[in-house]
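J.:
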Amino acid sequence: MAERPGLGFSSRESGVETALRQNEQPTRSNRPPQKQAGWWSRHQKRIIPYIFITPNLLVFAVFMFIPLLFAFYVSFHQWSLIGTSQFNGFSNYSEMVHDHQFWQSLRNTVVYTIGTVPTSMVLGLAVALLLNRKLPARGLLRSIYFMPVVISGVVVALVGEWLFNDNYGIVDEVLGRFGVGTIHWLSSSTWAMPTLIIMTLWIRVGFCMVIYLAGLQSISSMYYDAAKVDGATVWGQFRHVTWPLLKPTTFLILIINVIFSFKVFDIVYVMTGGGPGFSTTVLVQYIYEQAFQNSDLGYACAMGVVVYLLILIFTVVQWRISRQGESTY
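Take any residue in the sequence shown, count from 1 to its spot, add 1149: that is its number in this note's numbering.
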């Protein structure tokens, strides 16, 4: 029996599919011409960030980078701000090595730094831990502790001079009521430096408190909940949770405080003027005296370069120690 011829569905379907494909794929003559992207369109994502940071870079270059390079240049010259400078090589640095007053001012700066940096950090952390709890008028207390930070250093020095004055100081008046004799806070070489440290702590404690408070509030509460589940005491929570997580904050505060201490000038200049004698003269004040009183700008720049290098070395060493501690932890 002969087979019936097929109905031809497959050939009909293939013809329909071919027509649809031809309609879906337009010919090259029907495609709109593509415009080539311009130079700005291709590079704007890379350029726009630099446009935004250009003002800051200009300010940094004009007021920081260029003066730093100029100080390096002047440190190898003898210049009195008047007339032309004369190149003298490393004579300024050689003079610094044999300058007794330079070493005394460096010693005073180190003593001032040791007296202000650790104490302000410990007190600032203690106040931050206290004000991180739920307390009545907590916002007001934070503002009171932070208020000295926004006050000018000259104003703080004037307040300190009024409080610790040898003749009419309030501190001597209060101590006298408890039978303590008169203490020559500002005119004694023994008490002048501790007085400067006390007034500096009035500023630094509030600064450290704010930075530590920000670090404490960034620590998630789940760490403390886990520590409580493990039976950790309050001291255990601080030792194993709070302090390790505050190490980056502590590193930041340490570096900033050391820089502030090595750059101190206004409080010392107003309260003691570097005296009595040379007992409170710090590096920046000695640099100021050499530059603008003795008109020896080359020697002053050489000392400024040394201060810069000391701070840079301390920062690098402390950064490496901090990185090693974090990797060990």
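Glycine residues also receive a C-beta, built at the ideal position from the N, C-alpha and C atoms.
Would you say I1352 and P1297 are within 8 angstroms of each other, going by their C-beta atoms?
T.: Against a cut-off of 8 angstroms, the Cβ pair of P1297 and I1352 comes out as a contact.
J.: Count the other C-beta atoms from every protein chain shown that fall within 10 angstroms of the C-beta of T1349, then say buried if there are 16 or more, exposed otherwise.
T.: T1349 comes out buried.
J.: Could you tell me the distance, in whole angstroms, from the CA atom of V1456 to the CA atom of L1432?
T.: 8 angstroms
J.: Should the stretch 1407–1424 be regarded as contacting the stretch 1454–1471, the criterion being three or more beta carbon pairs within less than 8 angstroms?
T.: yes
J.: With a floor of 3 residues, list each beta strand (DSSP E) that falls wholly inside the stretch 1367–1407, ordered by position along the chain.
T.: none
J.: Going by C-alpha distance, which of W1468, T1233, C1450 and I1360 is nearest E1244?
T.: C1450
J.: The alpha helix (DSSP H) that contains V1413, what's its start and end?
T.: Neither: V1413 is in no alpha helix (DSSP H) and is coded neither H nor E.
J.: Might you give, ordered along the chain, the residues of its own chain that have their beta carbon closer than 8 angstroms to the beta carbon of G1238, omitting 5 neighbours on each side?
T.: F1225
J.: Going by DSSP, which residues form a beta bridge with Q1227?
T.: Answer is Q1235, bridged to Q1227.
J.: My output table needs one value for G1364: the three-state DSSP class, helix, strand or coil.
T.: helix
J.: Could you check the C-alpha separation between W1468 and I1405 for me, to the nearest Å?
T.: 13 angstroms
J.: First and last residue of the alpha helix (DSSP H) that includes F1327?
T.: Segment: none, F1327 is in no alpha helix (DSSP H) and carries neither H nor E.
J.: Return the chain-ordered list of same chain residues with a C-beta closer than 8 angstroms to the C-beta of L1290, the five sequence neighbours on each side being excluded.
T.: L1280 and L1284
J.: Would you report the Cα separation of F1494 and F1214, rounded to the nearest angstrom?
T.: In the structure displayed, the chain extends from 1150 to 1478; residue 1494 sits before or after that span and is not available.
J.: Measure the beta-carbon distance from L1335 to D1315 and round it to whole angstroms, keeping in mind my assumption that it falls under 8 angstroms.
T.: 6 angstroms
J.: Buried or exposed, going by whether 16 or more other CB atoms sit within 10 Å of the CB of Q1422?
T.: Correcting the residue identity first, residue 1422 is Gly in this sequence and not Gln. G1422 should be labelled exposed.
J.: Tell whether a beta-carbon distance below 8 angstroms holds between M1342 and V1419.
T.: no
J.: For F1427, which of helix, strand or coil comes out of DSSP?
T.: Judged by DSSP in its simplified three-state form, F1427 adopts coil rather than helix or strand.
J.: Let me know if L1446 comes out buried or exposed under the rule of 16 or more other beta-carbons within 10 Å of its beta-carbon.
T.: buried
J.: What's the call for N1241, buried or exposed, on a 16-neighbour Cβ count within 10 Å?
T.: buried
J.: State the start and end residues of the unbroken alpha helix (DSSP H) segment that holds K1194.
T.: W1188 to F1209
J.: Could you spell out where the alpha helix (DSSP H) holding E1310 opens and where it closes?
T.: G1302 to L1312
J.: Can you give me the start and stop residues for the alpha helix (DSSP H) that N1241 sits inside?
T.: S1240 to V1246
J.: Measure the C-alpha to C-alpha separation of V1276 and G1325 and round it to an integer number of angstroms.
T.: Cα to Cα, V1276 sits roughly 30 angstroms from G1325.
J.: Return the first residue and the last residue of the alpha helix (DSSP H) that F1251 is part of.
T.: H1249 to L1280
J.: Assuming F1463 and V1407 make a contact with CB atoms under 8 angstroms, what is their CB distance in whole Å?
T.: 6 angstroms
J.: Could you say which of I1402, D1379, V1266 and R1195 lies nearest to A1363 if we only look at CA atoms?
T.: Closest by alpha carbon: I1402.
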